[in-house]
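So in the working numbering, the last spot in the sequence shown is 476, and the numbers never skip.
Each residue gets a CB set at the ideal place from its N, CA and C atoms; glycine is no exception.
Source: prediction; values computed, not measured.
Read through the structure below, which is laid out as structure tokens, and then see the notes.
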Amino acid sequence: MQSSGDKILLIGDRDRNVHEAIESALPDARIVRVPSLFDGIAELHAQPFSAVVSSVEPIERRPEPAVATMRQLIGGGRVILFGHTTLEPLARKMLQFGCDDYFVTPADPGELRNLLTTPRAEQSVQTPPDEPAPAVASSDHSILQSDSLLNFALDVIINSPQATVAKMVSRLGEILPPQMSISLANTPSVDVPSISHPVRNTHEIVGHLHLIGEGVWENVSSRQIVSQLATLLSKLAVLEERHVLMQKLAITDELTGLHNGRYFKVFLKSIIEKAKVRRFAVTLLLFDIDNFKRYNDQFGHGVGDDILRQTASLMRRCCRDHDLVARIGGDEFAVVFWEKDAPRVPREPGVASAGRVPSTPMIIAQRFRKLLGSSEFSALGTLGQGQLTISGGMAVYPFDGQSPAELIKAADAAQMFGAKRGGKNRIHLVGSDEKLCDES
């Protein structure tokens, strides 16, 4: 086992990233860094080293004799390769020539600590004729060769596009032998015997794949399997990252950063279905900015965009985390309030209509109008403060509509006939003859 004070030969690390990672992993290690394979061979002839950490690039033209020479000169020490993901197939092939392992840059100190401090696995294990081959090697081979691995990957991409990596690790665990387990964790494993390999998406390491079980380090096949599975999971991680990004773009309003009208309709349908089961109220507020066209005409569309962005930000600040704020078109916004804990109170004869709406949406709407009136819209110059007003309509499930379409229609009618025709600068509740928010 390598100790922290051992001497390590580092070949071809131009940007010193691997050098810094080794120093971080093994602070007491003595590192000799050389630029080329020729210089590395000369150093190996001149002095003993406990490990060689070499870039794939200097040896890719004649990999077999280069690895054989390093293997001969290092003796019982470790030969570890590194390179970009594009060089991984070549690095994996060099394991057949006598390399102990490889890692993909950028280097991870935790991974390097495992690679440099774990006893070197023998490259060939002689098994007596009357003794069966190790179960680990057999299982590892079947995992790689089985068509089910590809089927598993395709299955999780189709059915779990937002959690492909986690689902794939779970499926792999189902086909491992009982004495072994596989997991994905944030850091390399140091407490139990395991082989670890980082899993990356486009920008960062998303976790470390661990193959856990007694004797895994003595099995070269297992180490190669973990490396190849980590490569597969890294590709799935990239696909998962792209799916999440595309989904976010599909449901996000580009100008304001709020959810868009498409997502608003999906969410409203979903929350009403949940409300029917759990019996809570859902309050829908539709509003727009009064005389918004005048601001566009007078100051230009750039100023209009600034007004929309600031209005969206103010409304988001007023709402609770679980409420939905969306821009559904132009200067039109929608807010879906829902009460996670409060039970639905049926309408009773003689109860005023305003009592049907939970108090929290009322308070939030009043807070928003007050904040809107006191905020400075710098794009409007001296006219900015106190000039913007909104008109809105508010409707409540289940009293004013039993479906998303009915609730939207009711809130829209309250906005148009109650708020707009009532003089603007107000929010009108369905069934109420009075505005809910006055000019103060």
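Non-local beta-carbon contacts of Val201 in its own chain, meaning distances under 8 Å to residues more than five positions away in sequence, involve Leu220, Val235, Val242, Gly243, Leu269, Leu272, Ala273 and Glu276 in chain order.
Beta-bridge partners of Asp436 (DSSP): none assigned. Gly146: member of the alpha helix (DSSP H) spanning Pro145 to Thr153, first to last residue. DSSP places Ser306 in the uninterrupted alpha helix (DSSP H) bounded by Gly297 to Arg314. When the Cα atoms are used, Lys406 and Arg457 turn out to be separated by approximately 21 Å. Of Met130, Val361, Met204 and Leu294, the smallest CA-CA separation from Phe373 is found for Val361. Residue pairing of Leu360 in beta bridges, as defined by DSSP: Val372. For Ser72, there is no enclosing alpha helix (DSSP H), as DSSP marks it with neither H nor E. Approximately 7 Å separates the beta-carbon atoms of His81 and Leu109; this is inside 8 Å, confirming the contact.
When DSSP reads this structure, Lys43 sits in a beta bridge with Arg66. Within the DSSP bridge table, the entry for Met430 names Leu321 and Leu465 as partners. Residue burial is scored here from C-beta neighbours: Gln346 has at least 16 other C-beta atoms within 10 angstroms and is therefore classed as buried.
In the DSSP assignment, Ala87 falls within the unbroken beta strand (DSSP E) covering Ala87 to Ser91.
Residue Ala286 holds the alpha-carbon nearest to the alpha-carbon of Tyr299 among Lys310, Glu309, Lys376 and Ala286. Phe139 carries a strand assignment under DSSP once its states are collapsed to helix, strand and coil. Here the alpha carbons of Leu443 and Ile248 stand approximately 54 Å from one another. Lys203 counts as buried, since no fewer than 16 other beta carbons sit within 10 angstroms of its beta carbon.
Between Leu424 and the set Gly437, Ala447 and Lys460, the nearest pair of CA atoms involves Lys460. Beta-bridge partners assigned by DSSP to Val205: none are found. Comparing C-alpha distances from Ala311 to each of Leu294, Phe435, Pro99 and Arg353 shows the shortest one belongs to Phe435. Counting along the chain, the unbroken beta strand (DSSP E) around Ile218 starts and ends at Ser217 to Ala221. Distance from the Cα of Phe404 is smallest, within the candidate group Ile194, Tyr433 and Phe369, for Phe369. Contact annotation, Val54 with Ala127: C-beta distance approximately 14 Å; criterion of less than 8 Å not satisfied.
8 Å or more divides the Cβ of Arg352 from the Cβ of Asp289.
Secondary structure note for Ile58: its alpha helix (DSSP H) is the uninterrupted segment Asn53 to Ala61. Beyond the five residues adjoining it in sequence on each side, Ile194 comes within less than 6 Å, by CB distance, of no other residue in the same chain. For Phe335, the uninterrupted alpha helix (DSSP H) segment begins and ends at Phe328 to Phe335. Shown here, His233 sits in a strand according to DSSP, grouped into three states.
Collapsing the DSSP output to three states places Arg114 in a strand.
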